[in-house]
Each structure stands twice: as C-alpha cells, then as structure tokens.
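Presented below is the structure to which this report refers.
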C-alpha cells in the first residue's frame with residue numbers, strides 16, 4: 045500500500061512530447077479546410093484569391109511588425125496564417141484586395157501584436173479585424189448586395205437578412221439539410237455547416253479547443269432562439285435555423301474557443317459560451333446587425349477576465 | 002518540426018499564396034454579366050433586392066425584355082450591328098432627382114430635340130420603379146401585391 049506511486053516526476057533533462065503552437069495552428073487550418081474548399085468550389089477563383097491573399101498578408105504583416113518592434117520572428121508558429129485563414133472564411137468572395145489587406149493588418153497588428161503577441165490578446169484578433177471593417181465598410185459585408193452576380197442554384201438571399209426583415213415567411217425556401225450542406229450565401233468558409241462541425245469535432249477530439257465553450261455557445265444560441273420562436277413563431281426563426289446559418293458554427297468551433305481570449309475553468313467556460321450564444325440571438329433578433337456572432341464573442345471576450353475570477357481556491361490558502 | 006523548418010514553411014506559404022492571390026485577383030476581376038442576375042437598388046427607405054433572373058425565367062414570371070424596358074429596340078437603332086437587342090438600364094433615362102434640363106442626354110440618342118415636349122418631364126426614377134413594380138404585381142396578383150414598404154424595401 046505504501047509503495048503505491050501516484051505520480052512520478054523524474055529529474056531533468058526532459059523529453060519534449062512534440063506538441064507546439066505550430067502543430068496546433070496547422071491542425072486548426074486543416075480542420076477548417078473542408079468548409080474553405082466548398083466555399084472556393086462555390087464561388088470560384090475569386091474566393092481562392094481572397095483566401096490566399098489573406099493568409100499570405102497576415103504572415104507578411106506579422107513579419108513586418110516583428111521587424112519593426114525588433115522582436116523574434118514569430119511567423120513560424122503558424123498563428124498568423126491561421127488568423128489570415130479564419131478572417132478570409134468570414135469574408136464574401138467578392139471582397140476587394142484592399143479590404144483583405146486592411147483587415148489582416150488590423151487583425152494581426154491591432155488585434156494581436158499591440159497586446160504583446162500570441163497569448164496576450166484580450167480579444168479574438170480575427171474578430172477585431174472583422175468588426176472594425178464591418179463597421180467601417182458595412183456595404184462590403186452585405187451579402188445580398190455583394191453577391192448579386194452569383195447564381196449557385198439555391199435561394200441566393202442571405203438567410204439571416206431574410207429572417208430579420210421578413211420573419212419566418214422569408215425563410216421557407218431554406219431546409220435544415222440544405223443549410224448544413226452549404227446551400228446558403230455568406231462568408232467563403234462559413235456556409236458549409238457539415239464541414240465546420242466535422243472540423244470542430246476533430247479539434248475537440250485532438251484537444252485543440254475546449255468542448256465546453258463550443259457546446260455551451262451552441263446551447264446558448266439554441267435555447268434563446270427557441271424561446272424567441274415559441275414567443276412569436278411568425279417573427280422569429282427557429283433554433284435550428286439559427287444554429288446552421290450565418291457565423292454560428294464557425295463561431296462555435298473556430299472563433300469563440302480562441303486561447304487567450306476565452307476562459308480556462310469549467311464554469312467560466314460555460315458562462316462564456318452561453319453568454320455569447322444568448323447575445324448572438326439577441327443581436328440577430330432585436331439588434332440592428334443581421335448577424336450577431338462577431339460582436340457577441342467580442343463582448344464575451346471583454347467579460348472573460350471577470351469569468352476567470354471564478355476559480356478553485358488554491359490548496360492550503362487561508363482567508 | 003524544428004523552428005527552422007517552421008520558419009521555412011511560413012515563408013513558403015506567404016510567398017506561394019501571395020502569388021496565387023495576386024494571380025487570382027488579376028486574372029479573374031469581378032465581372033457583371035450581360036444580363037443581370039439580381040440588382041440591389043439603394044434608397045433612403047431601405048435597399049431593394051430585385052431578382053432580375055426570376056422576372057425573366059420561364060420558371061419565374063417569364064417576362065419579356067420589352068415588358069419593362071419600354072425603349073427596347075433591335076438592330077440598327079443605336080449603331081449596333083446584328084440582331085442583338087439594345088436594352089438600356091432604367092437609370093439611363095429616369096433621373097434620380099429632376100434637374101433643370103428636362104431630358105437626360107440619353108433621350109437625344111433616339112429623339113430629336115424638337116420632337117420633345119418641353120413641358121413633359123421624364124418620370125423620376127423612384128416614381129418609375131414604384132409605378133412599374135406595383136402596377137405589374139397588382140395587375141397580375143403575383144408576388145408582393147399589398148402596398149407595404151417592407152415587401153420590397155427590406156434590406
């Protein structure tokens with residue numbers, strides 16, 4: 045009984061287990077790939093151009109800020125490339141090059157490096173870039189307007205805009221299966237629900253993101269949308285519609301669980317996720333923006349330090 | 002992966018994707034199709050998304066060009082050869098705001114100045130759209146029939 049060892053810690057030198065930020069970044073990019081590829085397939089070479097330029101410029105901005113601030117070149121960790129990819133996934137395929145350049149600059153430099161680089165950012169850098177651009181050039185993010193020249197064989201109306209302005213009568217042409225299979229307009233990499241769910245499950249299985257945040261976010265969206273729908277089913281769309289449209293799924297699996305802007309303990313993670321989910325539907329149903337995911341997550345990023353105060357007491361701590 | 006290999010990968014990604022990105026933007030500029038699919042009209046009352054394809058398609062309202070483009074003409078009328086129809090966008094003739102000049106310059110492409118009655122103003126764009134859209138929908142009783150702003154001004 046006395047010989048039962050629970051924990052053995054050997055002395056140095058230690059052997060590295062192979063995990064690194066770059067592995068995490070590139071695996072997250074791989075997880076996002078199915079959704080991105082479907083987006084490129086749907087919208088053609090312009091979408092490929094936006095995605096390529098966004099990844100490339102995010103890396104270049106990071107390299108530039110490394111040089112300007114005379115810090116170690118950090119582009120090897122793949123985080124800048126990941127920021128570029130996720131940013132492109134939110135953009136419409138018709139985005140002009142300068143929008144991509146400005147957005148990646150804001151995301152990498154203002155969203156991340158101003159706070160000291162990876163791990164120091166209080167907000168999700170991708171969403172900082174996206175939110176600033178969306179407020180500055182709102183028309184470029186009106187999917188109904190920017191995608192007028194595309195005809196992909198399904199209802200080419202942005203589902204959330206139709207729901208907001210016409211109520212449930214305006215979304216009759218959308219089926220849950222169709223939405224999951226990417227039969228909806230939107231950002232390049234945010235339409236193919238099935239791909240995003242598969243990517244998210246891979247990230248959860250590998251331990252790259254915390255399931256608590258993703259699932260509580262989805263639960264928050266589902267329950268709030270359900271309550272609105274029960275209250276007035278003509279005016280407010282049902283919970284499944286809200287789950288599979290707009291940025292909900294990319295938000296749940298790729299944006300909300302970002303490391304440094306989300307909590308680390310169980311209860312705070314649930315509060316963070318549910319809060320972002322509730323805010324998403326509130327903004328969508330009674331706010332002025334068509335989609336609420338970016339601002340809801342940014343708002344919860346702001347609350348994150350307070351959430352982190354809820355933590356177990358240190359062992360042996362008195363008072 | 003060693004830090005050197007990680008750096009090499011990042012540099013390679015940046016260069017390769019920059020080339021792909023620039024080529025994609027240069028080789029595939031945003032093009033407007035000859036016949037519009039949808040048109041977004043902007044107005045102070047809210048944007049109007051007009052589905053041109055649905056109005057034209059057999060599976061939709063199956064309208065002919067001249068049903069709406071009332072100055073629809075064929076061959077030779079504007080110096081364009083062949084049988085290609087000459088369709089002008091509504092905004093070419095219908096001004097957004099009435100100006101001192103009674104007729105837009107485009108009127109003179111077909112009419113002589115003396116043919117035109119100086120007292121007659123070209124219908125303002127807003128009135129032209131409202132007359133045409135509402136009139137047709139109410140007459141056929143298809144689509145947005147009721148006079149509710151948010152049937153069309155929704156965005």
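Residue numbers (the working numbering), protein chains in the order written: chain F, 45 to 363; chain S, 2 to 156. From the three backbone atoms N, C-alpha and C, an ideal C-beta is built for every residue, glycine too.
Spatially closest choice to residue i from the options, by CA coordinates
i	options	result
residue 277/F	198/F, 302/F, 211/F	211/F
residue 173/F	70/F, 80/F, 127/F, 106/F	127/F
residue 329/F	198/F, 270/F, 176/F, 50/F	270/F
residue 157/F	180/F, 64/F, 77/F, 109/F	109/F
residue 326/F	343/F, 310/F, 313/F	343/F
residue 337/F	171/F, 153/F, 311/F	171/F
residue 3/S	255/F, 56/F, 60/F, 53/F	60/F
residue 290/F	240/F, 255/F, 302/F, 245/F	240/F
residue 256/F	233/F, 316/F, 234/F	316/F
residue 81/F	94/F, 209/F, 233/F	233/F
residue 77/F	51/F, 267/F, 259/F, 247/F	247/F
residue 197/F	222/F, 301/F, 185/F	222/F
residue 296/F	282/F, 237/F, 217/F, 354/F	237/F
residue 353/F	360/F, 181/F, 311/F, 244/F	311/F
residue 71/S	130/S, 140/S, 34/S	130/S
residue 123/S	39/S, 91/S, 13/S	91/S
residue 282/F	178/F, 249/F, 293/F, 215/F	215/F
residue 65/F	8/S, 27/S, 19/S	8/S
residue 299/F	206/F, 345/F, 149/F, 274/F	345/F
residue 332/F	182/F, 309/F, 243/F	182/F
residue 37/S	142/F, 149/F, 55/F, 193/F	193/F
residue 29/S	79/F, 87/F, 74/F, 58/F	87/F
Where residue i falls, given that 16 or more other Cβ within 10 Å makes a residue buried
i	result
residue 99/F	buried
residue 367/F	Residue 367/F cannot be examined here, being either before or after the span of chain F that is shown, 45 to 363.
residue 5/S	exposed
residue 59/S	exposed
residue 79/S	Legend: pLDDT at residue 79/S = 48, less than 50; position of this residue unreliable, value from coordinates given subsequently. So residue 79/S ends up on the exposed side.
residue 66/S	exposed
residue 52/S	buried
residue 373/F	Lying outside 45 to 363, the shown extent of chain F, residue 373/F is not represented and no answer is given.
residue 15/S	buried
residue 208/F	buried
residue 254/F	buried
residue 150/S	exposed
residue 320/F	buried
residue 217/F	exposed
residue 119/F	buried
residue 307/F	buried
residue 20/S	exposed
residue 136/S	exposed
residue 204/F	buried
residue 322/F	buried
residue 362/F	exposed
residue 148/F	buried
residue 152/F	buried
residue 113/S	exposed
residue 230/F	buried
Identified DSSP bridge partners for residue i
i	result
residue 40/S	51/S
residue 154/S	49/S
Same chain, Cβ closer than 7 angstroms to residue i, five either side skipped, listed in chain order
i	result
residue 284/F	220
residue 252/F	68, 71, 72
residue 287/F	262, 265, 266
residue 46/S	150, 154
residue 94/F	132, 135, 137, 139, 144, 232
residue 170/S	Given a span of 2 to 156 for chain S in the structure shown, any question on residue 170/S remains unanswerable.
Beta-carbon contacts of residue i that lie in its chain and below 6 angstroms, excluding the five residues immediately before and after
i	result
residue 123/F	69, 162
residue 304/F	163, 165
residue 190/F	136, 138
residue 62/F	none
residue 84/F	91, 92
residue 103/F	119, 124, 125
residue 318/F	260, 264
residue 235/F	226, 228
Cut-off 8 angstroms between Cβ atoms - residues of its own chain near residue i, not counting five sequence neighbours on either side
i	result
residue 175/F	338, 339, 342
Neighbour flag for residue i against chain B, beta carbons, 8 angstroms
i	result
residue 25/S	Absent from the structure is chain B; the protein chains it does hold are F and S.
- Message: Any C-beta of chain F within less than 7 angstroms: which residues of the region 5–20 of chain S qualify?
- Response: 7, 8, 11, 14, 15, 18, 19
- Query: Any residues in the region 137–151 of chain F with a beta carbon nearer than 9 angstroms to a beta carbon of chain S? Which ones, in chain order?
  - Reply: 138, 140, 141, 144
- Message: Beta carbons nearer than 8 angstroms to chain S: which residues of the region 287–318 of chain F have them?
- Response: none
- Query: Just by C-beta distance, which residues in the region 27–40 of chain S are closer than 8 angstroms to chain F?
  - Reply: 28, 29, 31, 32, 33, 34, 37, 38, 39, 40
- Task: Identify each residue in the region 51–63 of chain S for which the Cβ-Cβ distance to at least one residue of chain F is less than 7 angstroms, and report them in chain order.
- Result: 54
- Select from the region 335–355 of chain F all residues with a C-beta closer than 9 angstroms to any C-beta belonging to chain S, and list them in chain order. none
- Taking any Cβ of chain S, which residues in the region 66–97 of chain F have a Cβ under 9 angstroms from it, in chain order? 66, 67, 70, 88, 89, 90, 91, 92, 93, 94, 95, 96, 97
- Item | Under 8 angstroms (Cβ pairs) to chain S, residues found in the region 120–131 of chain F | 120, 121, 122, 124, 125
- Contact residues within the region 202–214 of chain F, judged by C-beta distance below 7 angstroms to chain S: 205, 209, 210
- the region 171–201 of chain F: which residues have C-beta closer than 8 angstroms to a C-beta of chain S, in chain order? 186, 188, 189, 192, 193, 194, 195, 200, 201
- Relative to chain F, which residues along the region 133–154 of chain S have a C-beta separation below 7 angstroms, given in chain order? 151
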